[in-house]
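For the sequence shown, position 131 (counting from the first letter as 1) is numbered 1256 according to my numbering, and the numbering increases by one without interruption.
Ideal Cβ positions, reconstructed from N, Cα and C, are used throughout, including at glycine.
Owing to the predicted nature of the structure, the values given are computational and were not obtained by experimental measurement.
Structure, as structure tokens:
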Amino acid sequence: MIITALTARAVNVPLEYPVRTSVGTVATAPLVLIDIATDAGIVGRAYVFTYTPLALAATRDLLIALGTVLAGQPAVPADIDRVLEGRFRLLGATGLVRMAMAGIDMALWDAAAQRLGVPLVEMLGGTRRPIPAYDSHSMDGEALAVERAVRAVGQGFSTLKTKIGYATLAEDIRVIRAIRAAIGEDVQILVDYNQSLSVPEAIRRGKPLEAEGIAWIEEPTRQEDYQGHARIRQALTLPVQMGENWFGIDEMTKALDAGATDLAMPDAMKIGGVTGWLRAAALAHSRGIPMSSHIFQEVSCHLMAVTPTAHLLERMDLAGPILAHPLPFEAGCAVIPDRPGTGIDWNEAAIARYAV
Ligand SMILES: [Mg+2]
């Protein structure tokens, strides 16, 4: 199966709820949609998320440039990974380069599984099973936080996440207690500071949160500061969670070596696509670290099914409006689609509407 062409299209997709964090708001989902065509008639599909529309055009153009390298090559993920690692050895495979490479990798795995006629999870040696998920919310303010929590529990979720880092610790606690009062003791609450606190402030705020039944405290300080995360972790009994910003398993290795975190939550794109995820899953397994996913729910559901220390899939729907088959959830679990590949296929009418 030989690659004949790569197409990359930029869209800016509306969100049901803006992703508000203590360090800024993501109002829309800027995505680059990748189609890798092959001489077998199979098209591998994936998308990458650029966080800000400012990076959309550059990411799309980089992918189109990479398409000229891929044309004529066998559609084999491991081989293309080696080729692209070589091409970017001098520049460095991080940032937009890593994102583009990961998008290509995910699209190639999709094509490979389609060629076998099986869902990606089966190609990876797993089976379609329900993947426990949590519903991921924003820094919504008390009223909306409670409304979304009640709705999530009504949909069957037994874990949810809220972003905090309000102006004061008192506000953080007020929102958590309001959610807890609305949903009861049986639902797990996770909190995410989105890197917004200094190390001393994270310890000061984290201590009283220990009494609130929080199941993890995510990125309490700057994600690059592994030593700082380690100090916070030593000072608190709350499990520390991080990983969505690790660009490749080298960063994951450094974070784990520093003792930065109890839990891991790589992002399928930043960690390096399916290929990068499998390496990260092996690393988490060897260190005994529970591993969750970060966004990219359509590909992550397949990957979580073959992750030895699989913990929770994040349900945050960034691409649903432009997908022909948005990922379904039942009883708090992601339902892996029974279609060949990842199951990603486009809703072309929606793409035309949100094209950039
Ligand atoms: Mg986060």
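| query | result |
| --- | --- |
| Residue nearest to Asp1311 in terms of C-alpha spacing, selected from Gly1353, Asp1204, Ala1274 and Ala1406 | Ala1274 |
| Extent of the continuous alpha helix (DSSP H) to which Tyr1479 belongs | Glu1473 to Tyr1479 |
| Glu1343 Cβ short of 7 Å to ligand 1 heavy atom set | yes |
| Leu1315: first and last residue of the uninterrupted beta strand (DSSP E) it sits in | Gln1313 to Asp1317 |
| Whole-angstrom distance between Arg1305 and Ala1336, CA atom to CA atom | 12 Å |
| Reduced DSSP category for Ala1218 - H, G, I as helix; E, B as strand; rest coil | coil |
| The alpha helix (DSSP H) enclosing Val1278, as first and last residue numbers | Gly1266 to Gly1279 |
| Ligand 1 heavy atom lying under 7 Å from the CB of Asp1317 | yes |
| Separation of Ala1459 from Ala1405, as counted between CA atoms | 21 Å |
| Where the alpha helix (DSSP H) containing Pro1333 begins and where it ends | Val1324 to Leu1334 |
| Residue range of the unbroken alpha helix (DSSP H) whose run includes Lys1379 | Ile1374 to Asp1382 |
| Assigned exposure category for Val1481 - 16 Cβ within 10 Å defines buried | exposed |
| Start and end residues, alpha helix (DSSP H) containing Asp1119 | Since the first residue of the chain shown is 1126 and the last is 1481, residue 1119 is not available in this structure. |
| CA-to-CA distance, Gln1320 to Asp1375, given in whole angstroms | 20 Å |
| Strand pairing of Leu1158, partner residues [DSSP] | Arg1134 and Tyr1172 |
| Top-ranked residue by Cα proximity to Arg1478, from Pro1446, Gly1211 and Asp1230 | Pro1446 |
| Ile1127 and Ala1236 closer than 8 Å at C-beta | no |
| Closer than 7 Å: Glu1369 CB and nearest ligand 1 heavy atom | yes |
| Bridge partners - Thr1252, DSSP secondary structure assignment | Per DSSP, none; premise fails for Thr1252. |
| Pair within 8 Å by beta-carbon distance, Phe1174 and Leu1443 | yes |
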